[in-house]
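Quick note, the sequences are listed as chains G and Z, same order. First residue of the first sequence? That's 155 in our numbering, and the numbers climb one at a time after it. First residue of the second sequence? That's 45 in our numbering, and the numbers climb one at a time after it. In this text, a Cβ means the ideal position worked out from N, Cα and C, and glycines have one as well.
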Amino acid sequence: MVVVTTPALGGALRAIVGAEHLHEAGAPVDGAAPRWTAAPATIEQAAALVALAHDERLAVVPRGSGAALELGHPPTRVDLVLDTRRLDAVLEYNPDDLTVSVQAGCTAGALAARLAGRRQILPLDPPGWAARSLGGIAATQASGPLRQRYGTMRDLLLGVRFAQADGVLTWGGAKVVKSVSGYDVPKLMVGALGTLGVLLELTLRLHPAPDHEATWLASFRTPAHAQDCVAALLDSTVQTNRLEVLDGRVLAACSLPVSAAALAISIATVEPAVRAQEGLVKAIVQRAPGAVQTMGASFWKTYDRALAGFDGVTLRIGTVPARLAETLGRALVTHADVSVLLPPLERLRATVGEVGGGVTVERAPRALRERLDPWGPVPAAALAVMRAIKTEFDPRGVLNPGRFVGRL
Amino acid sequence: MALSASVVAGLQHLLGPAGVVLTREGRLTYESDMLTLYKGMPDAVVLPTSTEEVQAVVRICREARVPVVPRGSGTGLIGGATAPQGGVMVSMTRMTRILELDLANRCATVQPGLINLWLTNAVRDRGWFFAPDPSSQMVSSIGGNVATNAGGPHCLKYGITTNHVLGLEMVIGTGEVVSVGGKAADRPGYDLTGTMVGNEGTFGLVTAITVRLLHLPEAVKTALASFASLVEASEAVSAIIAAGIIPAALEMLDDAMIGAVNAAVGKVYPDGAGAVLLIELDGPRAEVEAQAERVAAICRERQALMVTVARDETERALLWKGRKEAAGAVGRITAAYLLQDAVVPRSKLPQIMREMVAISKRHRLLFANVFHAGDGNLHPLICYDDRKPGELERAQQANEELLHACIALGGSVSGEHGIGMDKAKNLPLQYAEADLNFMFRLRRVFDPDGLMNPAKLLPSHPACGEGFRPARPTLPAGTWV
């Protein structure tokens, strides 16, 4: 191996992507300034960047739209930011197969525009989804209201091409909607925060766009009533499209009348079926008891903007429907100060931990995340397997070192 | 390879004499799964009843470097639950309990030996069901479904097994018990649950499974459309999907299969048709009504000979009866068959059907088709007579040609049966060396000693061996400054 000095290394990186696409420093990642930022134009360039970084023991931080850079532990080392935004092509759209292959830097919004002509959708709508890169959504397993019906990226990612830590381009999965050929490598890559490979191409399952969607807002005097309503909806034949719990702050951010808890419920299918289910939805809400009002078509845009616009602390809480009220009660955190946040966060983790759930701090100021574990505890046996996987595929700690669960 | 006396003694001490099968007659039952081309008798079969016992078995075997092969109901179709290198087969047939039903949170936790349909039977009267429905669901175990990531007719709408598994407990090849996932979603860390589903026992043995349960739909409607040929029926399939309708199931049978089914179970499908489509829609009643009308119209536009919609549950059951008993009915037309499970992109169905006719003619063999048309998952039964010299070889050749044709159209080696011993050699068609090497290394993390269901899933290929280095990108040469 040839060890090269820093200026020479810059020259090598420049030789891969071209002078205009390599920058000294560049935008900071979670407060840490990188030594270089490189924006490859092809997946081969991306793989070469990773290979060089591997040989030179640089820390590579993949970056898409930058919407989720605060997820995880603050990075300890940021040598090379690999900016995927030029890798934005829709490679192959097969509307008759309901599949599409894209480069990782393609945004969900750009893809949606491409699919609209054939009335098809990729039902992934994390807050601010339109501007977010699909590679980033996959790496962070970000999801939004549509998960109620369609699941998350793990259910929609059919195949994935990535650069391993040593730069070897690798493919896992298939390009068809049904395949059990070999291990399910796409599942391993979703939510791995790029720590096992830099995601470069994704093959995704699409769905037909529903003919018609109607949305109602149900307001409740207590979170317990909201929980009862969710239970009744789930134990019914209503086929909900989106089902979101809104607390007072989110209601206020959406300029809606504030109540203790509210549910935004949507049904999406052929129009007669939407109308037929409306009566059932209203009856269930009123029985909870709650008050129901019909929302306009723009509601979900308002909701998306409100969630994406929050600049405070954002938590991703995994719990079960039967613990909704209790979880909500514990999740009311009003101050983004660590001394205030930490005790309620620990209580919240203990509460959802009883049902095997967890709390991830999705977004919070760096200073705060330095003083707590943003991922929370992972059972020791499972963490040992995760560590063994990381050690196998990235023994040098090239890919996003220190940011993931257990500081992998 | 015979087991040492100390291993046998250890297993017997652990499980009692009734928990260990050692006689030749006893072990013979376990020498193959439903793909009887592959045979391999284990040196012992053990019947544990708990996670602790499974872990102890794995530890005994690991100590003595003895292969461990898991087995559910033995209904697999890939030579997965067979012991080509001998060793200890772990039968899960005594681990059949439902550990927890939690309808409020839409899930259940079960032991791996539980029969798939028994779970739905346990919750149906309360309005719930377990969605994965392989055709073997009356006899196959959920542990086996997880190991192979099994599909079924209704996975067109509902997804395959992995989409319904929330958590697993597994004894991995290192002898550790690892619990991953669970009732609550969004857990931090790698998605080990998703990674483990479909491992075919090569990572270890699943000892408990938490699955999602779904609420039964308000309405179900089943229609049958007959066509002059497979090609026209395939075009109707594409048109239905293109119209934005994802039926719960979209199954096709060809004329050979229609004849076999009608002979076996009575005249359920129209004679004289080249193909029939069985279309099932479920969901809210008004949605099902609207979509059924649309589907019928599409079939008529595509020159359907006849479209009928089942008027009640009895008629619906009759339409499905032919589909569900197809594999058995085929005994009326052939002594033996090979079953292919490759996938094509669904828009390529008409093309692969034409190709299949050509392959069938070239090798003078009857192909009988019954398959999941909606997701392009083929299941041709390639019929042969094993008493006629050379026919098996011709059938195998035809099978390989069809598989290659599917891959050439952008498909996959297996849609729902898995790889096992049968298709390991085919994986390099679909994956490059780097991809195979990645999978080999992933397996090694879970099973560093190579004792968990060896000789399955991955091919004997240099990329699946120690020391293999896939090609790396070329780095810039010369002066970099």
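Min CB distance S373 (chain G) to chain Z below 8 angstroms: If you number the first sequence from 1, residue 373 (chain G) lands on position 219. Output row for S373 (chain G): interface = no.
Using a C-beta to C-beta distance shorter than 7 angstroms, which residues of chain G count as neighbours of Y82 (chain Z)? To locate residue 82 (chain Z), count along the second sequence from 1; it is residue 38. The contacting residues do not exist; Y82 (chain Z) stays about 18 angstroms from chain G at best.
Which of helix, strand or coil DSSP assigns to Q447 (chain G): Here residue 447 (chain G) corresponds to residue number 293 of the first sequence, with the count starting at 1. Here Q447 (chain G) sits in strand by DSSP.
Nearest neighbour of A417 (chain Z), chosen from Z:P394, Z:K432, Z:S185 [CA to CA]: Indexing the second sequence from 1 puts residue 417 (chain Z) at position 373. Ranking Z:P394, Z:K432, Z:S185 by Cα distance to A417 (chain Z) puts Z:P394 first.
Using the Cα positions of Y381 (chain Z) and C427 (chain Z), report the straight-line distance between them to the nearest angstrom. Here residue 381 (chain Z) is taken as the residue at index 337 of the second sequence, counted from 1. Here residue 427 (chain Z) is taken as the residue at index 383 of the second sequence, counted from 1. Those two C-alpha atoms are separated by around 4 angstroms.
Taking only the alpha-carbon atoms, compute the straight-line gap between E549 (chain Z) and P111 (chain Z) and give it to the nearest angstrom. For residue 549 (chain Z) there is no data in the structure shown, the boundaries of chain Z being 45 and 525.
Over the uninterrupted alpha helix (DSSP H) stretch that includes F547 (chain G), give me the two end residues. Here residue 547 (chain G) refers to the residue found at position 393 of the first sequence. Note, F547 (chain G): alpha helix (DSSP H), 534–547.
Short Cβ contact (8 angstroms threshold) for I284 (chain Z) with L294 (chain Z): To locate residue 284 (chain Z), count along the second sequence from 1; it is residue 240. To locate residue 294 (chain Z), count along the second sequence from 1; it is residue 250. Yes, Cβ-Cβ distance for I284 (chain Z) and L294 (chain Z) is below 8 angstroms.
contact_flag[the segment 357–367 of chain Z, the segment 271–282 of chain Z] where n(CB pairs < 8 angstroms) is 3 or more: Between the segment 357–367 of chain Z and the segment 271–282 of chain Z there are fewer than three C-beta pairs closer than 8 angstroms, too few to call the two in contact.
Under 9 angstroms from the C-beta of E546 (chain G): neighbouring residues of chain Z: For the purposes of this step, residue 546 (chain G) is identified with residue 392 of the first sequence, where counting begins at 1. Ordered by position in chain Z, the residues that pass the 9 angstroms Cβ test against E546 (chain G) are R485, L486, R488, V489.
Reducing DSSP to helix, strand and coil, say where H278 (chain G) ends up. If you number the first sequence from 1, residue 278 (chain G) lands on position 124. The residue asked about is misnamed: residue 278 (chain G) is Leu in this sequence, not His. Three-state DSSP puts L278 (chain G) in coil, outside helix and strand.
With 8 angstroms set as the bound, which would you pick, yes or no: does the beta-carbon of A148 (chain Z) sit closer than that to a beta-carbon of chain G? Here residue 148 (chain Z) refers to the residue found at position 104 when the second sequence is read from its first residue. Yes, A148 (chain Z) lies at the interface with chain G (some Cβ there is under 8 angstroms from its Cβ).
Only counting runs of 3 or more residues, tell me where the beta strand (DSSP E) segments fall wholly within the segment 400–455 of chain G, in order along the chain. Runs found: 415–423, 445–449.
Are the CB atoms of A205 (chain G) and R516 (chain Z) within a distance shorter than 8 angstroms? Stepping through the second sequence from its first residue, residue 516 (chain Z) is reached at position 472. Stepping through the first sequence from its first residue, residue 205 (chain G) is reached at position 51. Yes.
Is it buried or exposed, S504 (chain Z), if we count other Cβ atoms within 10 angstroms and call 16 or more buried? Residue numbering aside, residue 504 (chain Z) sits at position 460 when the second sequence is read from its first letter. Exposed.
For the 8 angstroms Cβ check, are there 3 or more pairs between the segment 292–299 of chain G and the segment 332–339 of chain G? They do not touch, by the three-pair rule.
Measure from the C-beta of V325 (chain G) to each C-beta in chain Z and report whether the shortest distance is under 8 angstroms. Position 171 of the first sequence, counted from the start, is the residue given in the question as residue 325 (chain G). Rather than Val, the amino acid found at residue 325 (chain G) in this sequence is Trp. Chain Z places a beta carbon closer than 8 angstroms to that of W325 (chain G), counting this residue as a contact.
May I ask you to list, following chain order, the residues of the segment 333–344 of chain G that have a beta carbon less than 7 angstroms from some beta carbon of chain Z? Residues S333, V334, S335, G336, Y337, D338, V339, K341, L342, V344.
Taking only the alpha-carbon atoms, compute the straight-line gap between T140 (chain Z) and L158 (chain Z) and give it to the nearest angstrom. Working through the second sequence from its first residue, we reach residue 140 (chain Z) at position 96. Working through the second sequence from its first residue, we reach residue 158 (chain Z) at position 114. T140 (chain Z) and L158 (chain Z) have their C-alpha atoms some 4 angstroms from each other.
So what's L269 (chain G) in DSSP terms, helix, strand or just coil? Taking the first residue of the first sequence as 1, we reach residue 269 (chain G) at position 115. Three-state DSSP puts L269 (chain G) in a helix.
Measure how close the beta-carbons of D491 (chain Z) and F271 (chain Z) come, nearest whole angstrom, since I'm counting them as under 8 angstroms. Mapped onto the second sequence, residue 491 (chain Z) falls at position 447. Mapped onto the second sequence, residue 271 (chain Z) falls at position 227. Contact doesn't hold; Cβ gap of about 48 angstroms is too wide.
For the alpha helix (DSSP H) containing L403 (chain Z), name the first residue and the last one. Mapped onto the second sequence, residue 403 (chain Z) falls at position 359. In the sequence as displayed, the identity of residue 403 (chain Z) is Ile instead of Leu. Unbroken alpha helix (DSSP H) run through I403 (chain Z): 393–406.
Thinking C-beta only, is S179 (chain Z) closer than 8 angstroms to G203 (chain Z)? Taking the first residue of the second sequence as 1, we reach residue 203 (chain Z) at position 159. Taking the first residue of the second sequence as 1, we reach residue 179 (chain Z) at position 135. 8 angstroms or more divides the Cβ of G203 (chain Z) from the Cβ of S179 (chain Z).
Looking at the structure shown, is A166 (chain G) part of a helix, part of a strand, or coil, going by DSSP? To locate residue 166 (chain G), count along the first sequence from 1; it is residue 12. Secondary structure of A166 (chain G) (DSSP, three-state): helix.
Under the three-state reduction of DSSP, which class applies to F482 (chain Z): helix, strand or coil? Locating residue 482 (chain Z) in the second sequence gives position 438, where the first residue counts as 1. Note: F482 (chain Z) maps to helix in three-state DSSP.
Beta-carbon proximity check, V183 (chain G) vs R217 (chain G), cutoff 8 angstroms: As a first step, residue 183 (chain G) must be located in the first sequence, where it is residue number 29. As a first step, residue 217 (chain G) must be located in the first sequence, where it is residue number 63. The Cβ atoms of V183 (chain G) and R217 (chain G) lie closer than 8 angstroms to each other.
Give me the chain Z residues within the contact set of L396 (chain G), using Cβ-Cβ distance strictly less than 8 angstroms, ordered along the chain. As a working note, residue 396 (chain G) is residue 242 in the first sequence. In the sequence as displayed, the identity of residue 396 (chain G) is Arg instead of Leu. Here the premise fails: no neighbours, minimum Cβ distance about 16 angstroms.
Would you tell me roughly how many angstroms separate the C-alpha atoms of D299 (chain Z) and Y313 (chain Z), rounded to the nearest one? The count along the second sequence starts at 1 and reaches residue 299 (chain Z) at position 255. The count along the second sequence starts at 1 and reaches residue 313 (chain Z) at position 269. Note on geometry: alpha-carbon atoms of D299 (chain Z) and Y313 (chain Z) lie some 10 angstroms from one another.
Do you know offhand how far T95 (chain Z)'s Cα is from E144 (chain Z)'s? Your numbering for residue 95 (chain Z) matches position 51 in the second sequence. Your numbering for residue 144 (chain Z) matches position 100 in the second sequence. Counting only the Cα atoms, E144 (chain Z) lies some 16 angstroms from T95 (chain Z).
Report yes if the CB atom of L502 (chain G) is closer than 8 angstroms to the CB atom of A485 (chain G), and no otherwise. In the first sequence, the residue the question calls residue 502 (chain G) occupies position 348. In the first sequence, the residue the question calls residue 485 (chain G) occupies position 331. Contact annotation: L502 (chain G) and A485 (chain G) have beta-carbon atoms nearer than 8 angstroms.
Using beta-carbon positions only, say whether L249 (chain Z) and P114 (chain Z) come within less than 8 angstroms of one another. Taking the first residue of the second sequence as 1, we reach residue 249 (chain Z) at position 205. Taking the first residue of the second sequence as 1, we reach residue 114 (chain Z) at position 70. Against a cut-off of 8 angstroms, the Cβ pair of P114 (chain Z) and L249 (chain Z) comes out as a contact.
Closer than 8 angstroms to chain A by CB, H259 (chain Z): The displayed structure is made up of protein chains G and Z, and chain A is not among them.
Taking 8 angstroms as the threshold (beta carbon to beta carbon), is K455 (chain G) in contact with chain Z? The residue you call residue 455 (chain G) lines up with position 301 of the first sequence. The beta carbon of K455 (chain G) sits no closer than 8 angstroms to any beta carbon of chain Z.
At 8 angstroms on the CB atoms, spell out the chain G contacts of I396 (chain Z), in chain order. By 1-based counting over the second sequence, the position of residue 396 (chain Z) is 352. Chain G residues near I396 (chain Z): none, gap ~12 angstroms exceeds 8 angstroms.
Quick check: what's the CA-CA separation for G560 (chain G) versus A538 (chain G)? For this step, residue 560 (chain G) is matched to residue 406 along the first sequence. For this step, residue 538 (chain G) is matched to residue 384 along the first sequence. About 10 angstroms.
L562 (chain G) vs M540 (chain G) beta-carbon contact at 8 angstroms: Reading the first sequence from its first residue, position 408 is the one you call residue 562 (chain G). Reading the first sequence from its first residue, position 386 is the one you call residue 540 (chain G). Yes, they are a contact pair.
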